[in-house]
Amino acid sequence: MTRQEVRNQRIGALKAALFGLVVLLVGLRLVVYSSLLADPSRAIGVVTETGTTQGTSGRRASYIRYQFVDAAGVQRAGTSTGYASPAGESVAIEYATDYAWIHRVAGEGRQTGYEWRWYISAFGAFFLIAGIHWSWHAPRMPD
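The sequence shown begins at 0 in numbering that gives the first Met the number 0 and counts up by one.
Below, the structure written as structure tokens:
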């Protein structure tokens with residue numbers, strides 16, 4: 000094997016491992032959020048901005064920005080896609096009791112990403128392990 004071929008294999012392994020790490024972190028974030036928000040505190044927020052943005056599938060997606068005050072009296076703000084409401088409208092918010100910076104629009108946890116959180120995590124772990132394995136067993140650089 001030439002130096003370039005070995006280098007290409009190592010770069011491919013690194014890309015697979017990094018891709019797996021990113022997907023694993025996304026999945027684990029959904030796992031942690033769904034766990035922390037399993038028994039959430041509730042608050043009423045106010046929509047501060049509404050609009051549309053380019054969605055991942057190329058279609059337009061609506062979003063809202065909201066603000067609410069948690070039980071400790073701290074004002075928090077967030078954004079949620081897939082919702083449309085005029086500015087000034089009330090919106091129900093759920094937040095983690097111990098970690099109020101983790102919040103969402105009530106009912107947002109029933110979206111597809113949360114339902115697939117374990118599969119997303121497993122998919123990411125697979126690519127991370129495959130990339131590490133591929134890198135570990137790549138041939139050595141020729142002299």
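For each residue, glycine too, the CB sits at the ideal point set by N, CA and C. Nothing here was measured: the structure is a model prediction, and the numbers come from that model.
query: Do the segment 85-99 and the segment 118-126 touch if we need at least three Cβ pairs shorter than 8 Å?
result: no
- prompt: How is the beta strand (DSSP E) around Ile119 delimited, first residue to last?
  reply: The count along the sequence shown starts at 1 and reaches residue 119 at position 120. Taken as a continuous stretch (DSSP letters only), Ile119 belongs to no beta strand (DSSP E), being part of the alpha helix (DSSP H) at Arg116 to Trp135.
query: What residue from Phe18, Thr47 and Ala71 has the CA that sits closest to Ile63's CA?
result: Your numbering for residue 63 matches position 64 in the sequence shown. Checked all of Phe18, Thr47 and Ala71; the closest Cα to Ile63 is Thr47.
- request: Would you please state the rounded distance, in angstroms, between the beta carbons of Ala83 and Thr52? I believe it to be under 8 Å.
  value: As a working mapping, residue 83 is identified with position 84 in the sequence shown. As a working mapping, residue 52 is identified with position 53 in the sequence shown. So it is not a contact: roughly 12 Å between Cβ atoms.
- prompt: Can we say the segment 62-79 touches the segment 21-28, given the rule of at least three CB pairs closer than 8 Å?
  reply: no
message: When you compare the CB positions of Tyr65 and Gly81, do they come within less than 8 Å of one another, or not?
response: Within the sequence shown, residue 65 is the residue found at index 66, counting from 1. Within the sequence shown, residue 81 is the residue found at index 82, counting from 1. Contact: no.
- prompt: Going by alpha carbons, who is nearest to Gly26 out of Gly57, Ser79, Arg59 and Phe125?
  reply: Within the sequence shown, residue 26 is the residue found at index 27, counting from 1. Closest option to Gly26, Cα to Cα, is Phe125.
field: Unbroken alpha helix (DSSP H) run spanning Ile10, endpoints
entry: For the purposes of this step, residue 10 is taken as the residue at position 11 of the sequence shown. It spans Arg2 to Leu35 - the alpha helix (DSSP H) in which Ile10 sits, taken as one unbroken run.
query: Quick one: what's Glu48 bridged to in DSSP?
result: As a working mapping, residue 48 is identified with position 49 in the sequence shown. DSSP lists Arg64 as partners of Glu48.
message: Starting from Gly77, trace the beta strand (DSSP E) in both directions and tell me its first and last residue.
response: Working through the sequence shown from its first residue, we reach residue 77 at position 78. Gln74 to Thr80 is the span of the beta strand (DSSP E), which, as asked, contains Gly77.
query: Which residue comes first and which comes last in the beta strand (DSSP E) that contains Glu93?
result: The sequence position of residue 93 within the sequence shown is 94, counting from 1. Run containing Glu93: Ser89 to Tyr94, per the beta strand (DSSP E) assignment.
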